[in-house]
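Quick note on the working numbering: the sequence shown kicks off at 1226 and runs consecutively. For every residue, glycine included, the Cβ atom is placed at its ideal position computed from N, Cα and C. In what follows, a single structure is set out as structure tokens and then discussed.
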Amino acid sequence: MNTGTANQPFRFTHISDLHLTNPKAALKSLWMICNKRVLGYLSWQYRRRFLHSPSVLETVARAACSDGDHLVITGDLTQIGLPEEYRQTCQWLSRLGSPANISVIPGNHDAYAGSSWRECIQSWKPHMSDRMPEQQDQPLWPFVRLRGPVAFIGVSSAVPSPPFFASGRVGQDQLQRLEQMLADHQSRFRVLLIHHSPVAGHDSFRKRLFQRSSLVRILQARGVEMVLHGHNHRPCWNELKTASGYIPVIGVPAASAAESGPDEASLSRRGSYYAYQVAQTDEGWCLEVTAHRLNAEGTAMDLVWCRRYGRLPALSINSWIISQSARLSTSTAAS
Ligand SMILES: [Fe+2]
Ligand SMILES: [Fe+2]
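Listed below in structure tokens is the structure:
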């Protein structure tokens, strides 16, 4: 494991919304879907299984793993959160690499129904903590993992929600601990991992993050260098305003997305990973972000854009540079 040192540049990668499991193979009894899961199962059977491809995921995840010293996964690894689906995710994660090099947080699909979710999520513990055995009974979230100059801080916005909702909530207990954690690690480049975006108006009512403003107030007061999320399966680039500048809030398309349409909107949602290079200079933090998307043949990754920020957290927008812009019309326009 290369955890780097606090004053060396550190490179890590980000994927999300893997939806890698097969609920048909995971279904032991129809009783298991006699709840909200029946809707998710039918949605997977008739629609979602054609949108997510295991081979796309394999290509994207392998490339992401080899492009950095740490990989973060921002939720929705499963379809309807069945216990057997969790076993499938654990097998897949163990093939990908060491838990020390991969951090995972859950998404709304991983907490699809209240039954079994609290027990199942324990199986991801090795990917959510560096805690010593005597600390194992502490709450799972927020967790912090220190790698080089970076503090990865993971929170869970995954909560079982009513039928037709895909909403999230962080909750007061997590928020209180998060506030302290951000203060404890303010000398680091703090990266908040969360499944739902904290940006206002980002998601529809039924898919949004509830109690969003409480989280944003803490981020603005305590500071955070960057927020990474998933959930809506498309490239997202936003900022949260603070007293000292802007916090980049970045969402990545689903890693398994098999979008094949020729239009730019379809292309932009194809299986992707983002890479982040963090370095500390005399003037403050520097951040370079590169986006990598599955090529048209589905065989390898294309570099689609690159942006550079300087002097974070007093973010200077004018310092970002775009390269490889020929391949990227929608994403650059969105910024
Ligand atoms: Fe998702
Ligand atoms: Fe989601």
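Residue i at chain B interface by Cβ criterion, 8 Å
i, result
"residue 1528", "Going by chain labels, chain B is absent from the structure shown, which holds only one protein chain."
Nonlocal neighbours in the same chain, by C-beta distance under 7 Å from residue i, ignoring five residues either side
i, result
"residue 1404", "1443 and 1447"
"residue 1314", "1245, 1246, 1302 and 1303"
"residue 1391", "1333, 1431 and 1432"
"residue 1292", "1238 and 1500"
"residue 1310", "1246, 1248, 1251, 1303 and 1304"
"residue 1411", "1448"
In DSSP terms, what residue i is bridged to
i, result
"residue 1451", "1416"
"residue 1238", "1296 and 1500"
"residue 1396", "The partner list for residue 1396 (beta bridge, DSSP) is empty, contrary to what the question assumes."
"residue 1376", "1371 and 1415"
"residue 1267", "In DSSP, residue 1267 forms no bridge with anything."
"residue 1435", "1394"
"residue 1251", "Note: residue 1251 sits in no beta bridge, so no partner."
"residue 1383", "1393"
"residue 1277", "1482"
C-alpha distance - residue i paired with residue j, whole-angstrom precision
i, j, result
"residue 1543", "residue 1534", "With a pLDDT of only 35 at residue 1543, under 50, the local geometry of the prediction cannot be trusted, and no value is derived from it."
"residue 1381", "residue 1347", "13 Å"
"residue 1240", "residue 1265", "22 Å"
"residue 1409", "residue 1488", "46 Å"
"residue 1459", "residue 1279", "18 Å"
"residue 1319", "residue 1365", "20 Å"
"residue 1300", "residue 1368", "15 Å"
"residue 1234", "residue 1415", "14 Å"
"residue 1476", "residue 1467", "19 Å"
"residue 1363", "residue 1371", "18 Å"
"residue 1355", "residue 1322", "16 Å"
"residue 1521", "residue 1484", "10 Å"
"residue 1402", "residue 1395", "11 Å"
"residue 1325", "residue 1297", "11 Å"
"residue 1516", "residue 1289", "11 Å"
"residue 1286", "residue 1263", "29 Å"
"residue 1268", "residue 1353", "29 Å"
"residue 1337", "residue 1407", "29 Å"
"residue 1253", "residue 1512", "47 Å"
"residue 1341", "residue 1335", "10 Å"
"residue 1386", "residue 1420", "14 Å"
"residue 1213", "residue 1418", "No information on residue 1213 is available, as it lies outside the stretch 1226 to 1560 that the chain covers here."
"residue 1295", "residue 1378", "13 Å"
"residue 1507", "residue 1232", "11 Å"
"residue 1398", "residue 1384", "14 Å"
"residue 1344", "residue 1317", "19 Å"
"residue 1498", "residue 1504", "20 Å"
"residue 1529", "residue 1492", "11 Å"
"residue 1274", "residue 1481", "10 Å"
"residue 1456", "residue 1260", "22 Å"
Cβ-based neighbour list, residue i, same chain, cut-off 8 Å, excluding 5 preceding and 5 following
i, result
"residue 1423", "1434, 1437, 1440, 1441, 1444, 1452, 1454, 1465 and 1474"
"residue 1284", "1496, 1519, 1523, 1524, 1525 and 1526"
"residue 1257", "1307"
Same chain, Cβ closer than 6 Å to residue i, five either side skipped, listed in chain order
i, result
"residue 1539", "Its pLDDT being 43, under 50, residue 1539 is placed unreliably by the model, and the measurement read from it follows with that caveat. Result list for residue 1539: 1469 and 1470, in chain order."
"residue 1479", "1242 and 1458"
"residue 1349", "1329"
"residue 1463", "1424 and 1474"
"residue 1351", "1324"
Ignoring anything shorter than 3 residues, give me the beta strand (DSSP E) runs that lie fully in the stretch 1462-1538, in order along the chain. 1470-1476, 1497-1506, 1509-1519 and 1526-1537
Suppose only complete runs of 4+ residues qualify. What are the alpha helix (DSSP H) ranges in the stretch 1283-1352, listed by chain order? 1308-1321 and 1342-1345
Point to revise | Beta carbon nearer than 5 Å to a non-hydrogen atom of ligand 1 | key: 1242 and 1301
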